[in-house]
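The sequence shown lines up with residues 2 to 635 when you count with my numbering. We put the CB at the ideal spot given by N, CA and C, even for glycine. From a predicted model like this one, the values you see are computed outputs, not experimental measurements.
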Amino acid sequence: MIVFHISTLPMRGRWLSMFVTNIRNVMLREPLSRSRANSFFGIFCPRSSDETKCVILSFSFSHSQECVKRRSNNERKRMKLISLVSGGKDSILSMLQAVRYGHEPVVIAHVRPDVEEDVNSFMFQTVGSSAVTQIAAACNLPLRIANVQSGQSVDLSLHYSESPDKADEVETLFHLLQDIKREFPEVQGVTSGAILSNYQRLRVEAICDRLGLVSVAYLWMRKPFEILDMVERLNVHAIILKTASLGLDPKKLIGRRLDEIRGVLEKTEELYGSHLAGEGGEYETTVLDCPLFVSERLQLTEMKVVIVDDNDYSPTGFGVLSTELAPKEEAEKEASSRVLAELKANQVSFLSDEMSHLFSFTESDTAVKEEENMFDGDPMALLSVPEAAPTFSTYENVFQLEGVTPDETFFTRVLKSVADEINVATAFYFVVAVPQESLLPVLRTAYEAVVPHIRPPMRLFFVPHDHSDKVMRVKVWCSAVKSDANVLHNQSLSCWAAGRLGAVAEGYMFRDVDGKTVVVAGGVLGLDPTTGDVPTPVCAGENSAFFTQFMYAFANALNYYSYFIQTSIPLKRLVCFVEERYASYASVAWRLCQAQNKANVEAEDVSVIPVCKLETEGCLVALHFEWSKVNDDE
């Protein structure tokens, strides 16, 4: 369910000051767009004006979930990680969740203010930075630091540039991580505390993409109350260090334990629609103790409260703290060891650990065969542009492989010629068929070098069922209004929905295209979002691997859809690309998803295409979804 409230208010003087203060803080982490919150309160107005009208927007939504069993920790790929640590609760919780999923933080990275205690950064929490050195020492981890100055937020667009300004604060982080990777060549990924901010997530992912690292964001899309549940359940001792919201008085709250003032935060959320976990900049924290602190904790020795704005409605202030390391009591050490052991043993769980729309099946379900919806023609013919989107166009071509060496150089040359012919900036979906499985990784490498890595197209590569012809077939969907479309490009490990590394988007939404809304999710794979790999079959049935992947692909697609829109619009087309030995089970798996899905997804057109092999190793199914509708007047 989604509820919108929009209003405008004329403001001047004290009221305007109050709202300008709130917009600066509410939107600090994501100045242009905030996606898919469970609840959100935003105020949009200029930074300075004698009189203006502010737009107040709030919304909330909820959805149900079912789940299937995940793989255990010892089945996951273990990575050594760089942990981005601000000193606040989210970065520490992200480290703890990484440990839970089998990974090992080995070095801490921190970006701190050059001079001031609290710098207005769109990317980093800077208040409380002085405590990070002791946090790293308490974790027994090396610390590497870079400095950032106020005003270094140069590129404020939602999607970061492929040709970034060297002075941008994000480039400071890039060079810091680049230096760390050289010093610690064993690291493979980066943890961050992103919860809802696409502005932050996309920048961390862009840096990781450039450095060949994996973004690890196990807090992504978590519900606000769940973040506070984690703080309590995982024994994270966090104190309030900054407030900037209606209903939060810095004089009363700074220095207080987060778990002690939960009632205040819940009341503020109820009255003003603020984010319970502070994701809108309502408050910030510093962590004094957690299970990652081996034998010492931080002890507060002094706290100076600085009031930035003392108005009666929305006062703003932050704390300048002094801390020292103090030995943990034996009981505290035992409690920390116990929580870490429970995390590693998968004995601690939270609501969002299992992705929404992930449904179950029984071993008997996997034995049912059905030839319904089987398509035996040209698979490219099924991927025509939706009738609801007349501004879309397609490019098609066939390239002969007979008599050539189909290596990376060849594929790069071919794809560059395609990119030049279509204007690759307008492309939002690439579908390529090649006659041999061995060509897929070579094709992928060439493709990554040709297409943009910011706002990239969706992608589907496969070996067709009939692959006797020595040809490469290419089909590209383009749109002249692609720059106005909303794109989901998710490369992080999370519990929300699977992302794929590199230049591959998960979905696109085109709104108000000739009065219509069109959402396309193409090449959706049945990957486990916590690992980025194919999931372990959930039962012993002969076809359990296929059914498990189908359920994950369906869940991933519906979560991609929820990223774009919360209302229900018709599913016009579903195309299932299925490894040929499982093709006769696809319609059965689809009906199982329909039967359990409370959103009652009904596809007007369902087709099953048998293929010899899909691009990603071990993947047995890739789904293509198209939703579209004529927009209502409202």
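If you draw a straight line from the alpha carbon of Lys614 to that of Met222, how long is it in whole angstroms?
-> Taking the first residue of the sequence shown as 1, we reach residue 614 at position 613. Taking the first residue of the sequence shown as 1, we reach residue 222 at position 221. The straight-line gap from Cα to Cα measures roughly 32 Å.
Which residues in the same chain have their Cβ closer than 6 Å to the Cβ of Cys68, if we skip the five residues on either side of it in sequence?
-> If you number the sequence shown from 1, residue 68 lands on position 67. Bear in mind that a pLDDT of 34 at Cys68, under 50, signals an unreliable position, so the number given afterwards is only what the model happens to contain. Excluding positions up to five away in sequence, the list reads Glu355 and Leu359.
Strand pairing of His111, partner residues [DSSP] | Start at 1 with the first residue of the sequence shown, and residue 111 comes out as number 110. For His111, which the question treats as bridged, DSSP gives the partners Ile146.
Counting only the same chain and skipping the five closest in sequence on each side, list residues whose C-beta sits under 6 Å from that of Gly500.
-> Here residue 500 refers to the residue found at position 499 when the sequence shown is read from its first residue. Asn491, Gln492 and Ser493.
Closest by CA to Val1, which one among Thr427, Asp470 and Phe462?
-> Nothing can be reported for residue 1: it is not among the residues displayed for the chain, which extend from 2 to 635.
In chain order, what residues of the same chain lie with their CB nearer than 6 Å to the CB of Ser588, ignoring the 5 residues before and after it?
-> Counted from its first residue, the sequence shown places residue 588 at position 587. Result list for Ser588: Glu371, Glu373 and Asn374, in chain order.
Give the range of the beta strand (DSSP E) segment to which His104 is assigned.
-> Within the sequence shown, numbered from 1, the residue matching residue 104 stands at position 103. No beta strand (DSSP E) contains His104, which DSSP labels as neither H nor E.
Run of the alpha helix (DSSP H) containing Ser323, from where it starts to where it stops = In the sequence shown, the residue the question calls residue 323 occupies position 322. Where Ser323 is concerned, there is no enclosing alpha helix (DSSP H), although the beta strand (DSSP E) it sits in stretches over Thr317 to Pro328.
Short CB-CB distance (under 8 Å) between Val128 and chain B = Structure shown: chain B not included; a single protein chain is present.
Per DSSP, which residues does Leu277 bridge with? Please list them.
-> By 1-based counting over the sequence shown, the position of residue 277 is 276. Leu277 is not bridged to any residue.
Following the continuous alpha helix (DSSP H) through Val435, name the residue where it begins and the one where it ends.
-> Locating residue 435 in the sequence shown gives position 434, where the first residue counts as 1. Neither: Val435 is in no alpha helix (DSSP H) and is coded neither H nor E.
8 Å Cβ cutoff met for Phe185 and Val108 | For the purposes of this step, residue 185 is taken as residue 184 along the sequence shown, with counting starting at 1. For the purposes of this step, residue 108 is taken as residue 107 along the sequence shown, with counting starting at 1. Yes, the pair counts as a contact, with Cβ atoms nearer than the cut-off.
Is it true that the segment 202–212 meets the segment 250–258, where meeting means three or more beta-carbon pairs spaced less than 8 Å apart?
-> no
Within the segment 170–252, ranges of the alpha helix (DSSP H) (whole runs, at least 4 residues) = 170–184, 199–212 and 225–234
Excluding the 5 residues preceding and the 5 following Val128 in the sequence, name in chain order all residues of the same chain whose CB lies nearer than 6 Å to its CB.
-> What you label residue 128 is simply residue 127 of the sequence shown in a count that begins at 1. Result list for Val128: Asp119, Leu242, Lys243, Glu285 and Phe319, in chain order.
So, using beta-carbon positions, are Leu178 and Ile83 closer together than 8 Å?
-> Here residue 178 is taken as the residue at index 177 of the sequence shown, counted from 1. Here residue 83 is taken as the residue at index 82 of the sequence shown, counted from 1. Contact flag set, yes.
What three-state label does DSSP hand Ile136 in the structure shown?
-> Start at 1 with the first residue of the sequence shown, and residue 136 comes out as number 135. Helix at Ile136.
Contact under 8 Å by Cβ, Leu214 with Val237 = Here residue 214 corresponds to residue number 213 of the sequence shown, with the count starting at 1. Here residue 237 corresponds to residue number 236 of the sequence shown, with the count starting at 1. Not a contact, by the Cβ cut-off of 8 Å.
Val288 vs Ile136 beta-carbon contact at 8 Å | Along the sequence shown, one-based indexing puts residue 288 at 287. Along the sequence shown, one-based indexing puts residue 136 at 135. Yes, they are a contact pair.
Reducing DSSP to helix, strand and coil, say where Ile308 ends up.
-> Position 307 of the sequence shown, counted from the first residue, corresponds to residue 308. DSSP places Ile308 in strand when its eight states are reduced to three.
Could you work out which residue in Phe376, Val451 and Asp529 is closest to Ser418 when comparing CA atoms only?
-> Locating residue 418 in the sequence shown gives position 417, where the first residue counts as 1. Considering only alpha carbons, the answer is Val451.
Anyone know if the C-beta pair for Val579 and Pro611 falls short of 8 Å?
-> Here residue 579 refers to the residue found at position 578 of the sequence shown. Here residue 611 refers to the residue found at position 610 of the sequence shown. The answer is yes: Cβ separation under 8 Å.
Are the beta-carbon atoms of Gly542 and Ala368 separated by less than 8 Å?
-> Looking up residue 542 in the sequence shown gives position 541. Looking up residue 368 in the sequence shown gives position 367. Contact: yes.
Own chain partners of Val505 with C-beta closer than 7 Å, once the 5 adjacent residues on each side are dropped = Position 504 of the sequence shown, counted from the start, is the residue given in the question as residue 505. Counting only Cβ-Cβ distances below 7 Å, and skipping sequence neighbours, we find Pro457, Met459 and Arg460.
Determine the burial state of Leu272: buried for a count of at least 16 other Cβ atoms within 10 Å of its Cβ, exposed for fewer.
-> Position 271 of the sequence shown holds residue 272. Classification of Leu272: exposed, given that the 10 Å Cβ count is below 16.
To the nearest angstrom, report how far apart Val477 and Lys182 are at their CA atoms.
-> Taking the first residue of the sequence shown as 1, we reach residue 477 at position 476. Taking the first residue of the sequence shown as 1, we reach residue 182 at position 181. Rounded to whole angstroms, Val477 to Lys182 spans 36 Å at the Cα level.
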